[in-house]
Amino acid sequence: MWTHPQPQPQQNPATPAVRDPQARPDAGPQGPASAGDQGRAPSMEQILGGAVLEPNMSGPAASEMQKILTRLGFSTPVSGTHDGPSVAALRAFQKAYGVAQNGRLGPTTLQTLRRAQSCSVTLAQLMACADLPAAEAATELPGLNAGMYFASIDTVQRKAMFIAQLGHESMGFTKFEEMASGADYEGRSDLGNTQRGDGKRYKGRGAIQLTGRANYRSATSDLSAQLGGTDLEKNPERADDPDVRYLTAAWFWNERDLNEYADQGQLSTVTRRINGGTNGSADRKQRYNKALRVLQAPG
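Sequential numbering of the sequence shown, starting at 162, is according to our numbering.
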């Protein structure tokens, strides 16, 4: 069962709140800003203590939040004011990372934001690792970073391995559905393909080519909180969509404990546990070495 990390409970985005749902009841003298203090943003330290960055507040905390959001792929001008574009970017982040979608920065969202930053790559790094044009990289970046968060991919070696393997499986982050029809998987009971048409219906999709009815069913069950009600077994084409394809990759990665082997640089072992053999070894190695060079570069 996929259990890490657990997302935070969702709340109605329209529900007004001045405190984070998991904040302490009393944050002390440096607690949340009052209704008459809407223009001045609390510091990041105050937010960790229970204060909340509300829409239209301005200050260094708003700038820092906007910089992290942009790094993660939720681009917003770094204006220092939590304005409309900033709120929209934060809501998008909250939805992707399983935090209450209220457009406010409280302690739970801030902690998630900072953890997500450690599990991320920048747009420029993804472009360099995968030789992707800016527009295509910008499309993939939010999902890729969210996938790395949910798979605890927080070191250079883990990131390089993840990007290399997914890069190979998706032909350089450009193809997220298997080119073959899937007919070869027909009748594969080891993949859970027990009904007529399952081979084509559950062919490889997503950044790591999720294959087989059993995997679509298990991923749906274990990712239920992240998928927001989407049933991949009933709607297998959804596994190809940008908001899903890296979640299934993270699920697959965790199911096979691939971080353990990534930490040791065991490219061939990771390849076998993904592919069942050593198909594409040369390309995977080239992508891995390139990603290592890019991610280890200063700045």
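The C-beta atom is built at its ideal place from N, Cα and C for all residues, glycine as well.
Item to check | Limits of the unbroken alpha helix (DSSP H) element including T381 | outcome: 374-383
Checklist entry - Measuring CB to CB, does L251 end up less than 8 Å from L230? => result yes
Item to check | Inter-residue Cα distance where the pair is T283 and S240 | outcome: 20 Å
Checklist entry - If you draw a straight line from the alpha carbon of Q326 to that of T432, how long is it in whole angstroms? => result 7 Å
Checklist entry - For chain D, is any of its Cβ atoms less than 8 Å away from the one on Q447? => result Within the model displayed, chain D is absent; a lone protein chain is all it includes.
Checklist entry - Taking Cβ to Cβ, would you say A202 is nearer than 8 Å to A222? => result yes
Checklist entry - Quick one: what's S219 bridged to in DSSP? => result R201, T242
Checklist entry - With burial defined as no fewer than 16 other Cβ atoms inside 10 Å of the residue's Cβ, what is the status of S379: buried or exposed? => result buried
Next on the checklist: Going by beta-carbon coordinates alone, are L408 and L388 separated by less than 8 Å?
Outcome noted: yes
Checklist entry - Hey, A291 and F323: beta-carbon distance below 8 Å or not? => result no
Item to check | Distance, Q227 Cα to S236 Cα | outcome: 8 Å
Next on the checklist: One question on the structure: do R319 and G353 come within less than 8 Å of each other, judged by their Cβ atoms?
Outcome noted: no
Checklist entry - What separation, rounded to the nearest whole angstrom, lies between the Cα atoms of F337 and G200? => result 45 Å
Next on the checklist: So the candidates are G211, A410, K364; which of them puts its Cα closest to the Cα of A344?
Outcome noted: K364
Item to check | Pair within 8 Å by beta-carbon distance, L419 and R406 | outcome: no
Checklist entry - Can you tell me whether R445 is buried or exposed, with buried defined as 16 or more other CB within 10 angstroms of its CB? => result buried
Checklist entry - Are the beta-carbon atoms of A386 and A312 separated by less than 8 Å? => result no
Checklist entry - In chain order, what residues of the same chain lie with their CB nearer than 6 Å to the CB of G360, ignoring the 5 residues before and after it? => result G343, A344, Y346, E347, N354
Item to check | Proximal residues to L286 (C-beta, below 8 Å), its chain only, five neighbours per side dropped | outcome: First, the residue type needs correcting, since residue 286 is Gln and not Leu in the sequence shown. Closer than 8 Å at the Cβ level, and outside the excluded window around Q286, lie V455, L456.
Checklist entry - Can you check whether the CB of I369 is closer than 8 Å to the CB of E330? => result yes
Checklist entry - Expressed to the nearest angstrom, what Euclidean distance is found between the alpha-carbon atoms of T269 and M218? => result 18 Å
Item to check | Coarse secondary structure for L371, derived from DSSP in three states | outcome: strand
Checklist entry - Going by DSSP, what residues sit across from E347 in a beta bridge? => result Note: E347 sits in no beta bridge, so no partner.
Item to check | Minimum length 4: unbroken alpha helix (DSSP H) runs contained in the stretch 230-292 | outcome: 245-258, 268-279, 284-291
Item to check | Alpha-carbon spacing of P246 relative to V213, whole angstroms | outcome: 18 Å
Checklist entry - Which whole-angstrom value is the C-beta distance of G304 and D404, which I expect to be below 8 Å? => result 6 Å
Next on the checklist: Suppose the cutoff is 8 Å on Cβ atoms and the five residues either side in sequence are ignored; what does the same chain contact list for T439 look like?
Outcome noted: S429, T432, R433
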